[in-house]
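Since the structure comes first, as structure tokens, the remarks are kept for the end.
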Amino acid sequence: FFEKDQDQYFNTACVFDADGTMLGKYRKIHIPDDLANYYSEAYYFSPGDLGLPVFETAYAKIGVQVCWDQWFPEGARSLALKGAEIIFYPTAIGWPTAGNGEMGKIEHEAWTTVQRGHAISNTVFVAAANRVGVEEHLKFWGSSFVAGPFGQVLAQASSEDAENLLVACDLSSIQVVRRDWPFLSARQEGSYELK
């Protein structure tokens, strides 16, 4: 939602537990500025200032990244290292209503691939919820999905209709994958320079 905090505005997602209790919120960190002339959010929003919280819910430890955050691997890695078992990506992404041809297919595949990659490299579940429908010059491509901790797509929604996905996530599978593919524990932290 569009959140005002003093003189700044944020693209914010709230996290609620199963009983309706608000656990906290996440503010979108990466703000697109005129991407392909369709996403000029820097005009409205400031980058998030709450960090990357992990929320302990009744069912799982979850993290949230909003829309364009999904293209940056650092957020997913940070959330996984903080104990997130499921990362949610509420999103509104699409292409021009005039069509985008072959490039549109490539972009859509990249969107799915990068998030499945986050699931694999961090051995977590990923739930990508994308908008459907048309607004002015954009057709949102829907196709919301849930991926398992080795990137397997467990369920995928329609590209045209608003749908709800109810997916059982066996959290014990995270440890099974991490035992066989120890991506997080095998990191060589002293070898990386991230700035």
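If you read the sequence shown in my numbering, its first letter stands for residue 3, the second for the next number, and so on.
Where a beta carbon is used, it is the ideal one built from N, C-alpha and C, also for glycine.
Everything numeric in this text was worked out from a predicted model, so none of it was measured.
Cβ-Cβ distances below 7 Å link V126 to A82, A86, E87, I88, I89, P151, I176 in the same chain, with the five nearest sequence neighbours on each side left out; the list follows chain order. By the neighbour-count criterion, in which a residue is buried when 16 or more other Cβ atoms sit within 10 angstroms of its Cβ, L52 is exposed.
Taking all protein chains in view, the Cβ of R79 is crowded by 16 or more other Cβ atoms within 10 Å, so the residue is classified as buried. Taking C-beta atoms as the reference points, Y11 and F47 count as a pair closer than 8 Å.
Contact between the stretch 61 to 72 and the stretch 97 to 111 is absent: fewer than 3 CB-CB pairs across the two stretches fall below 8 Å.
Boundaries of the beta strand (DSSP E) around N132: 127 to 132. Take the alpha-carbon of G26 and the one of Y91: they are about 16 Å apart.
CA-CA distance, L186 to Y194, rounds to 14 Å. G26 is bridged by DSSP to V17. When DSSP states are grouped into helix, strand and coil, E58 belongs to the strand group.
In this model, K84 and V169 are separated by some 23 Å (Cα to Cα). Taking the Cα positions, E104 is about 14 Å away from G96. Under the DSSP assignment, D7 falls in the beta strand (DSSP E) whose first and last residues are 4 to 7. Around the beta carbon of R118, 16 or more other beta carbons sit within 10 angstroms, so the residue counts as buried.
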